[in-house]
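Notes to accompany the following structure.
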Amino acid sequence: MPPDSDPTSPEPPDAPATPDAPATPDEPEAPPPPMLTLRDGLTPVVDTEAALREVCERIAAGTGPVAIDAERASGYRYSSRAYLIQLRREGSGSHLVDPIAFDSLDPLQEVLEGTEWILHAATQDLPCLREVGLSPTALFDTELAGRLLGYPRVGLATLVETLLGFHLAKEHSAVDWSTRPLPEPWLEYAALDVEVLVELREKLGAELVATGKADWAQQEFDHLRGFEPAPRVDAWRRTSGLHRVRGRRALGAVRALWETRDEIAEQRDVTPGRIVPDAAIVAAAQAMPTDRAALLSTKGFHGRGAERYSSRWVAALAAVQAMEENDLPTRSPRGDGPPLPRAWAEKDPVAARRLQLAREAMAALAEEHHLPVENVLTPDYLRRTLWSPPATREPGALLDAVAGQLASYGARSWQIGLTGPLLTAAILEADTPVPDPEPDAATDEA
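If you read the sequence shown in the UniProt record's numbering, its first letter stands for residue 1, the second for the next number, and so on.
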């Protein structure tokens with residue numbers, strides 16, 4: 001309203017009052033405004049030692065945490081290396097660093113030492129940042145904070161829209177970041193991601209304090225700092241369409257072709273699916289061709305990679321044909337962990353009962369605290385504890401033993417405090433024999 005207007009004066013004659021418009025509850029709300037511009041403009045990509053020194057000085061002169069993001073060439077490259085690193089700190093501005101241009105980013109690590117990093121989905125970026133020598137001494141993960149606060153969708157764009165009221169465009173999220181030079185629209189997109197992280201951290205941090213979850217979050221963030229991706233075991237078993245393959249020798253063919261493709265992809269630094277797709281591997285394993293002509297005439301096995309490396313595919317299949325039966329893979333992988341939950345009832349009914357009771361209690365606990373159940377306790381920790389619980393059945397000793405077992409797997413103190421009593425109760429209840437029902441009086445009289 002203009003400052004000289006009088007809220008009590010009638011509308012002028014040429015602007016007659018209109019009746020209230022009817023409510024339209026089904027009308028969609030206007031979308032949030034897009035975040036299109038950078039506060040400080042787009043800065044040049046840092047790709048020289050002199051520019052890196054200047055950026056380090058500016059970051060050192062800033063205040064507060066540092067927002068960090070990294071872009072990889074997933075879907076294009078075999079490696080998971082970072083091809084662009086974005087940083088922002090209050091009083092410093094935003095910076096785009098090309099890690100490919102440097103033998104070492106030690107100066108950047110030194111200036112970041114002792115400063116909290118803000119990341120979104122830290123498990124995605126920490127490995128590639130560590131690869132170039134960057135490791136946090138403290139961090140705040142906005143995705144994990146969103147999970148702990150019970151937000152149903154915790155992607156960066158969704159959280160920004162929900163908490164900050166901006167629409168964050170994601171149209172360049174799947175581009176080839178190994179491209180050089182990087183197009184300006186891509187750089188603007190990358191810089192926008194760190195523009196919002198500091199403010200998002202403030203909002204989420206305040207909510208964590210208000211809900212009493214700040215200590216839980218800190219334990220999670222401390223645990224994240226040492227995150228390492230789990231080693232890939234039998235990664236070939238994740239081949240799409242593997243369920244259609246029958247017989248151990250055909251499974252061996254999938255394994256051999258997958259491993260051959262993986263070697264080629266690593267050598268060329270190309271994502272494996274761009275050599276030949278999973279469907280081609282499955283088709284060749286089912287057909288088991290014995291020469292190049294038969295291989296290339298196999299339905300589904302075609303394309304540049306199929307022809308270019310045909311001799312290697314044929315050799316891999318020939319090696320499988322020569323294998324002893326005992327050297328071929330089985331349908332189910334051999335593992336040292338508990339079996340799949342669906343097999344528990346047959347293999348160990350008491351353990352299946354433990355799992356059922358614990359899952360029911362965990363679901364109620366998750367609902368009470370507005371948490372995803374998988375964040376209350378890692379499902380693998382739950383299954384391991386209930387499949388092979390401590391031997392004692394004295395309640396106090398069992399609770400202590402369960403807590404120790406969970407801690408040995410990597411559960412955090414807050415998780416152990418919440419779930420230890422529930423798992424202890426499930427073990428005790430499931431292991432107590434259920435008495436036979438008393439005979440019906442009418443039956444006795446008969």
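No residue lacks a Cβ here, since even glycine has one placed at the ideal position from N, Cα and C.
What did DSSP end up calling THR142 once you bin it into helix, strand or coil? helix
Reduced DSSP secondary structure (H/G/I, E/B, other) of TRP117: strand
Option nearest SER228 by Cα separation, candidates GLY252, VAL55 and GLN124: For clarity, residue 228 is Glu in the given sequence; the question names Ser instead. The candidate whose alpha carbon is nearest that of GLU228 is GLN124.
If you check the beta carbons only, do LEU144 and GLU49 fall under 8 Å apart? No; because the gap between Cβ atoms is not below 8 Å, this pair is not in contact.
For SER94, three-class secondary structure by DSSP: strand
Should LEU418 and VAL376 be called a contact, given that it needs their Cβ atoms to be closer than 8 Å? yes
Own chain partners of THR115 with C-beta closer than 6 Å, once the 5 adjacent residues on each side are dropped: VAL66
Length of the line joining the Cα atoms of CYS128 and LEU119: If I take the Cα positions, the gap works out to 13 Å.
Whether GLU54 touches LEU149 by CB criterion (8 Å): no
Using 10 angstroms around the beta-carbon of HIS243, count the other beta-carbons present and answer buried if the total reaches 16, otherwise exposed. HIS243 sits exposed, since fewer than 16 C-beta atoms from the chains shown fall within 10 Å of its C-beta.
Inspect the CB distances between the region 293-301 and the region 223-241 and report whether three or more fall short of 8 Å. no
Determine whether the beta carbon atoms of ARG237 and PHE140 lie at a separation below 8 Å. no
Same chain, Cβ closer than 7 Å to LEU105, five either side skipped, listed in chain order: PRO99, VAL132, GLY133 and LEU134
Assuming LEU204 contacts THR142 under a Cβ cut-off of 8 Å, what Cβ separation, rounded to an integer in Å, is found between them? At roughly 6 Å, the Cβ-Cβ gap stays under 8 Å, so LEU204 and THR142 are in contact.
Among PRO333, HIS369 and ALA343, nearest to ARG383 - alpha-carbon criterion: ALA343
Helix, strand or coil at ILE416 [DSSP, three-state]: Helix, per DSSP.
Burial state of VAL233 (16 or more Cβ within 10 Å): Burial call: exposed.
When you compare only the Cα positions, how much space is there between VAL350 and GLN356? 10 Å
In this structure, does DSSP put ALA23 in helix, strand or coil? Confidence at ALA23 is low in this model, with a pLDDT of 45, below 50, so the placement of that residue should be treated as unreliable; the coordinate-derived value is given next. In this structure, ALA23 counts as coil in the three-state DSSP scheme.
Inter-residue Cα distance where the pair is GLN86 and GLU360: Looking at the two C-alpha atoms, the distance is approximately 43 Å.
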